[in-house]
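Below: one structure, written as structure tokens.
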Amino acid sequence: MVTMLLTLQTPPFITPIIIALFLVLYSTTTCAATFSHPDFQHLDVKQTLSELSSDNLISPSAAESNVSEYQYEALHAETGGGKWKLKLIHRDKLVSLTSSTYENENEIESDRHYNRTNNSGHRTHSHLFHQRMKRDAQRVATLLSRLTNTTTTTKGSDTKYEVDDFGSDVVSGMNQGSGEYFIRIGVGSPARSQYVVIDSGSDIVWVQCQPCNQCYHQTDPVFDPAYSASYTGVSCSSAVCDRLENAGCHAGRCRYEVSYGDGSYTKGTLAIETLTLGRAVIKNVAIGCGHMNQGMFVGAAGLLGIGGGSMSFVGQLGGQTGGAFSYCLVSRGTDSSGSLEFGRGALPVGASWVPLVRNPRATSFYYIGLVGLGVGGVRIPISEDTFKLTDTGTGGVVMDTGTAVTRFPTAAYEAFRDAFIEQTGNLPRSSGVSIFDTCYDLYGFVSVRVPTISFYLSSGPILTLPARNFLIPVDDSGTFCFAFAPTPAELSIIGNIQQEGIQISFDGANGFVGFGPNVC
């Protein structure tokens, strides 16, 4: 394990807390100066590879039965002091969710081939990795389409950004499945259990609904509002309908439509419904009841948007949670599960807080202030302007749960990568894999010494990542790659691989994001 050094910036007399965690996080205040900044750390190659070969996949039924290991604390939520805690599961750990999205016989046969090459009977890590990178390239292209007012397209067009610019051979999203992390919630009265994707860049909650004019396959039965006592349609004249983007009206009922840019979409009726999170029953939540849906949601019933807008789940809860939530994304290859908590009671004591940056042109997204990058304890000479959000709403640094790999503008990435290569000259190199151009052949190594990777954040804190969050295995035979990639745009994205295992908390009411002190 890597030691986490966490120094509270105020008050100055508090003794710094030292906890053994997968993170090193310290502040550049006078108090923090008592600690030496680590230049190198060790990556346990043998353990990392052994975790890949272990049987960590679970069935949805097992995931649901094990949910009791988390105590749902919805008590006193109306006072703002409570919290609701849910188990958070990565898609690759769910057996039926990852096997329920076949679109044709060719894909089934392709997966059978991968199963034959893996003695455990499951898809190999290499297969899961390549599928994840294909989804990731599409996700990044979609984000840039939304945040730069451009359109993603295929080669040969005149638009600014293309899917191929992100380094992966992208196939149709219909074959891949959208969403990286899932939670289990209840919809309606009585509550019908459903898996939904969480998305920090989305501002709507929706599920597939009967009657289904067009629906993709999902693991649970499709929600039927006819059997819910709490379902109420929203009228076109409702103030809730006015808050929707692309709202429409049909037969006096408010209609919604959301397109995700990668071929998936949901269309249907806006409704007021009851959602259940463990023992917490939350009434009067505006949700989309999707009657025409196309997409790659890997067996999930829909999506729980936790973005910064007023129609997201967080935005609708408002005073009940004080705009606060916290998550821990599960680390790859481990038996643990992550968590998602709502409410001010979820905000940890001892986190290092930095201001959120608001983008009026993209209120759904959580921007943070990043001012520099470090390798081996040395800050790379990259201008702070590289990461600034401009007055016109371009650039900046977004934290995104749906993007896997952190992206930086090309010039910044190349300086960052070159510094890492310079300090890893003793490690045997390997050919690039998928979107990664810097890879190493670590077959036969027990552990390797690697330089630390640090994010210099605004207002002082420095976030130093654990080695497993920036040098990751891409196959079962010891190929590890530097887990960052360039983007042709000004926008930077902090992906979920770099967020894994770190407790990340958002205090929307006060405009801060916190890192640590806990891990998952």
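Adding 118 to a residue's 1-based position in the sequence shown gives its number in my numbering.
All C-beta atoms, glycine included, are put in the ideal place defined by N, C-alpha and C.
The model shown is predicted, which means the values in this text are computed figures rather than measured ones.
If only complete runs of 3 or more residues are kept, the stretch 508-591 shows the beta strand (DSSP E) at 515-517, 524-527, 557-559, 566-569, 571-575, 580-583, 589-591, in order along the chain. The bridge partners DSSP lists for F633 are S470, I622. Relative to the Cα of N402, the nearest Cα in the group S307, V523, I486 belongs to S307.
In the assembly as shown, H335 is an exposed residue. Its beta-carbon has fewer than 16 other beta-carbons within 10 Å. When DSSP states are grouped into helix, strand and coil, T394 belongs to the strand group. Secondary structure at Q328: coil, using DSSP grouped into helix, strand and coil.
The three-state secondary structure of N364, taken from DSSP, is coil. At a Cβ-Cβ threshold of 8 Å, V568 and T542 count as neighbours. Between A522 and the set K164, W202, Q434, L246, the nearest pair of CA atoms involves L246. For F431, DSSP assigns no beta-bridge partner whatsoever. About 18 Å separates the beta carbons of I316 and T481, which is beyond the 8 Å limit, so they are not a contact pair.
Under the 10 Å beta carbon count, R397 is surrounded by fewer than 16 other beta carbons and is classified as exposed. The beta carbon of T439 lies closer than 6 Å to those of F460, G461 in the same chain, with the five residues before and after it left out. Closest in C-alpha terms to G408, from the list H160, C359, S348, C327, comes C327.
In this structure, F483 keeps its C-beta atom at 8 Å or more from the C-beta atom of G433. For A344, the secondary structure class from DSSP, reduced to helix, strand or coil, is helix. Beyond the five residues adjoining it in sequence on each side, L435 comes within less than 6 Å, by CB distance, of no other residue in the same chain. G629 counts as exposed, since fewer than 16 other beta carbons sit within 10 angstroms of its beta carbon. The continuous stretches of beta strand (DSSP E) do not include R476, and DSSP gives it neither H nor E. Beta-bridge partners assigned by DSSP to A442: D625.
Inclusion of C557 and S549 in the CB contact set at 8 Å is warranted, their separation being smaller than that value. Just so you know, the alpha carbons of L393 and I400 end up roughly 5 Å apart.
Cβ-Cβ separation between I622 and Y445: approximately 6 Å, consistent with a contact (criterion under 8 Å).
By the 16-neighbour rule on beta-carbons within 10 angstroms, P499 is exposed. Counting along the chain, L246 sits inside the alpha helix (DSSP H) bounded by residues 243-265.
The DSSP-derived three-state label of F505 is helix.
Between L170 and D594, the alpha-carbon positions lie close to 7 Å from each other.
Excluding residues up to 5 positions away in sequence, V472, P473, G487 lie with their Cβ nearer than 8 Å to the Cβ of S577 in the same chain. Taken through DSSP and simplified to helix, strand or coil, C372 comes out as strand.
Here P635 is buried: its Cβ has 16 or more other Cβ atoms, across all protein chains shown, within 10 Å.
Distance from the CA of F600 to the CA of F526, rounded to the nearest whole angstrom, comes to 13 Å. Straight-line measurement puts the Cα of T337 at about 48 Å from the Cα of N544. When secondary structure is reduced to three states using DSSP, K201 falls in the coil class, being assigned neither helix nor strand. E169 sits in a helix when the DSSP states are folded into three classes. If you look at Q159, you'll find it in the beta strand (DSSP E) that goes 158-161. Measuring C-alpha to C-alpha distances from T387 to each of D157, L447, V323, H248 identifies V323 as the nearest.
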